[in-house]
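> Going down the list, the sequences are from chains H and P.
Heads up: the first sequence at position 77 corresponds to 77 in the working numbering, and the numbers run straight through without jumps.
Heads up: the second sequence at position 54 corresponds to 54 in the working numbering, and the numbers run straight through without jumps.
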Amino acid sequence: AQTVTQSQPEMSVQEAETVTLSCTYDTSESDYYLFWYKQPPSRQMILVIRQEAYKQQNATENRFSVNFQKAAKSFSLKISDSQLGDAAMYFCAYRTPPNTGNQFYFGTGTSLTVIP
Amino acid sequence: GAGVSQSPSNKVTEKGKDVELRCDPISGHTALYWYRQRLGQGLEFLIYFQGNSAPDKSGLPSDRFSAERTGESVSTLTIQRTQQEDSAVYLCASSLPLAGSSYEQYFGPGTRLTVT
Chain H
1 AQTVTQSQPE
11 MSVQEAETVT
21 LSCTYDTSES
31 DYYLFWYKQP
41 PSRQMILVIR
51 QEAYKQQNAT
61 ENRFSVNFQK
71 AAKSFSLKIS
81 DSQLGDAAMY
91 FCAYRTPPNT
101 GNQFYFGTGT
111 SLTVIP
Chain P
1 GAGVSQSPSN
11 KVTEKGKDVE
21 LRCDPISGHT
31 ALYWYRQRLG
41 QGLEFLIYFQ
51 GNSAPDKSGL
61 PSDRFSAERT
71 GESVSTLTIQ
81 RTQQEDSAVY
91 LCASSLPLAG
101 SSYEQYFGPG
111 TRLTVT
């Protein structure tokens, strides 16, 4: 089974600064999908950003961007100009290709604190 | 459109009682997932439904846990003879695993189950 590893249980960042959250995964597939989800204290999981493995260009959504290194099986999330509202638990997720079961695998999460 | 909804939002039950948790996926989403999230932990996969295919029950922790889904609509997760270790937030997510879609999961707000 695929595994997703988030090696940073907790991270902190000063408001307006930049922080990078790490994620690595293990797979033998070549076509898959990667996601970062945010879970605020209210517990509603919200999609932050997605990346298709067949795309070489790193995905970007406003202040959020990823560094996708397919050969290294690494998928880190960079948050620029951090805001207090970015404080949350962040989960990295791997999704299998559509023809292999549509299964999702989640990391254990990184708790991000934003310091005013 | 409406998102994924779950009910109840909170449930307190006595040890040994049965509970039913409900999930209404986004209309048209053929894939539905149940996860368990213990306090401060990541997501633990429980069960996955895809259309009319046999569900993937590989994550159910014991035979006290079961889930049903009628067609591509509502799903119920049933926990029989609840134990204190069942206390957790139960999250439901739905997805549209079709070519051309973005494939991500959309999560409900969760049901917080407390077994006393």
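Note that beta-carbon positions come from the ideal geometry of N, C-alpha and C, so glycine has one too.
Can you look up GLU17 (chain H) in the DSSP assignment and give me helix, strand or coil?
coil
> Tell me whether the region 1–10 of chain H and the region 54–71 of chain H touch, counting them as touching only if at least three CB pairs, one residue from each stretch, are closer than 8 Å.
no
> Suppose the cutoff is 6 Å on Cβ atoms and the five residues either side in sequence are ignored; what does the same chain contact list for ALA16 (chain P) look like?
Reading off the sequence shown, one finds Gly at residue 16 (chain P), where the question assumed Ala. Counting only Cβ-Cβ distances below 6 Å, and skipping sequence neighbours, we find ARG81.
> Which residue marks the beginning of the beta strand (DSSP E) containing SER87 (chain P), and which one marks its end?
Where SER87 (chain P) is concerned, there is no enclosing beta strand (DSSP E), given that its DSSP letter is neither H nor E.
> Quick check on THR110 (chain H): buried or exposed, where buried means 16 or more other Cβ atoms within 10 Å of its Cβ?
buried
> Using the Cα positions of LEU21 (chain H) and LEU113 (chain P), report the straight-line distance between them to the nearest angstrom.
Our two residues, LEU21 (chain H) and LEU113 (chain P), have alpha carbons roughly 30 Å apart in a direct line.
> Taking the alpha-carbon of TYR48 (chain P) as reference, which of P:GLU72, P:ARG38 and P:PRO8 has the nearest alpha-carbon?
Considering only alpha carbons, the answer is P:GLU72.
> Roughly how many angstroms lie between the CA atoms of ALA16 (chain H) and LEU112 (chain H), to the nearest whole one?
Looking at the backbone, the Cα of ALA16 (chain H) and that of LEU112 (chain H) are separated by about 14 Å.
> Comparing the C-beta of SER104 (chain P) with each C-beta of chain H, is any distance below 8 Å?
Position check: residue 104 (chain P) holds Glu in this sequence, whereas Ser was assumed. It does: the Cβ of GLU104 (chain P) has a partner Cβ on chain H nearer than 8 Å.
> Does any residue of chain P bring its CB to less than 8 Å from the CB of LEU34 (chain H)?
no
> Quick one: which chain H residues come within Cβ less than 8 Å of LEU43 (chain P)?
PHE91 and PHE106
> Going by DSSP in three states, THR100 (chain H) sits in which element: helix, strand or coil?
helix
> Ends of the beta strand (DSSP E) at GLU20 (chain P)?
Start and end: 19–24.
> Let's see if you can read the secondary structure: which residues bound the beta strand (DSSP E) around ASP86 (chain H)?
Taken as a continuous stretch (DSSP letters only), ASP86 (chain H) belongs to no beta strand (DSSP E), as it is neither H nor E.
> I'd like the span of the beta strand (DSSP E) that includes ASN10 (chain P), first residue to last.
10–13
> Taking 7 Å as the cut-off, is the beta-carbon of VAL4 (chain H) closer than that to any non-hydrogen atom of the ligand SAH?
What this structure holds is no ligand at all, so the ligand SAH is not there to describe.
> Take ARG22 (chain P) and list the residues in its own chain whose beta-carbon comes closer than 7 Å to its own, dropping the five residues that flank it on each side.
GLN6, SER7, VAL74 and THR76
> Quick one: residues in its chain with C-beta nearer than 6 Å to the C-beta of PRO80 (chain H), no 5 flanking neighbours on either side, listed in chain order?
Note on residue identity: the sequence assigns Ser, not Pro, to residue 80 (chain H). THR18 and ARG63.
> Against PRO25 (chain P), what residues of chain H qualify as contacts under a CB-to-CB distance less than 7 Å, listed in chain order?
Here the premise fails: no neighbours, minimum Cβ distance about 14 Å.
> Go through the region 29–89 of chain H residue by residue and report every complete run of the beta strand (DSSP E) that reaches 3 residues or more, in order.
33–39, 46–52, 64–69 and 74–79
> So if DSSP puts LEU32 (chain P) in a beta bridge, which residue, or which two residues, is it bridged to?
P:PHE49 and P:SER94
> Measuring only between beta-carbons, confirm whether ASN67 (chain H) sits less than 8 Å from chain P.
Not one chain P Cβ lies under 8 Å of ASN67 (chain H).
> If distances are taken between C-alpha atoms only, which option among H:TRP36, H:TYR37 and H:ARG43 comes closest to LEU39 (chain P)?
In this structure, H:ARG43 is the residue among H:TRP36, H:TYR37 and H:ARG43 with its C-alpha nearest to the C-alpha of LEU39 (chain P).
> Ignore the nearest five residues each way along the sequence and tell me which others in SER74 (chain H)'s own chain have a CB closer than 6 Å to its CB.
The answer, listed in chain order, is THR24.
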